[in-house]
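Trainee: First the structure, which I've put down as structure tokens, then a few questions once you've had a look.
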Amino acid sequence: MSKTISLNDKNKDFFHSVYEVVRLIPKGRVTSYGAIAKYLGSARSSRMVGWAMNNAHDLNDVPAHRVVNRNGLLTGKMHFSTPLTMENLLKEEGVVVLNDQIVNFAQVYWDPNRELL
DNA sequence: CCGTTGACGCCAT
DNA sequence: TATGGCGCCAACG
């Protein structure tokens, strides 16, 4: 039995789609929760994208550190092994982070609605 | 079963 | 510009 997750088939699909999009984010680039939600057709379900990332922690092939909020703020840093993991991973990819804020956000921003199609 | 919370974001004031 | 309210919806107590 075992159902660590009690999601409906419909939502499983949503979560899975989120993982796919996140996997497509190029190294050194980032996107936002809202952009992913919109790309999946649920523009107002950005919170669910965040929840999906939480589940995604089990999968090692989902670069959750490349997803930030619409201001380029690292709001999800607390959910990583250490509060600095997210920031360090981004810096390793060339993303400039200062005070939990991506400085060159406009340059590294990757919008699935625009880049992907 | 019901009320709160939360990796968000848009809109009204 | 800053603050507050609401939509969204799964998980939790």
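All the letters of the first sequence, read from the start, carry residue numbers 0 to 116 under numbering that gives the first Met the number 0.
Think of the CB as a built atom: it goes at the ideal place given N, C-alpha and C, for glycine as much as any other residue.
(1) DSSP has Q100 in a bridge; who is on the other side?
(2) The alpha helix (DSSP H) with N112 in it runs from where to where?
(3) For a test of the three-state rule: what should DSSP assign to T84, helix, strand or coil?
(4) Round the Cβ separation of L73 and D99 to the nearest angstrom and send it over; I've been treating them as touching at under 8 Å.
(5) For A55 versus M47, is the C-beta spacing smaller than 8 Å?
(6) Here's the rule I'm using: 16 or more other beta-carbon atoms within 10 Å means buried, otherwise exposed. How should T3 be labelled?
(7) Report all residues from its chain with a CB closer than 6 Å to the CB of G93; omit the five preceding and five following residues, and keep chain order.
(8) What do you reckon, are the CB atoms on V66 and M52 nearer than 8 Å?
(9) Can you tell me which of the three DSSP states I4 falls into?
Mentor: In terms of the structure at hand:
(1) L72 and L97
(2) No alpha helix (DSSP H) contains N112, which DSSP labels as neither H nor E.
(3) In this structure, T84 counts as helix in the three-state DSSP scheme.
(4) 4 Å
(5) no
(6) Note that T3 scores 39 on pLDDT, short of 50, meaning its location in the model is unreliable; the coordinates nonetheless yield the value given after this. By the 10 Å Cβ count, T3 comes out exposed.
(7) G27
(8) yes
(9) Note that I4 scores 43 on pLDDT, short of 50, meaning its location in the model is unreliable and no value can be drawn from it.
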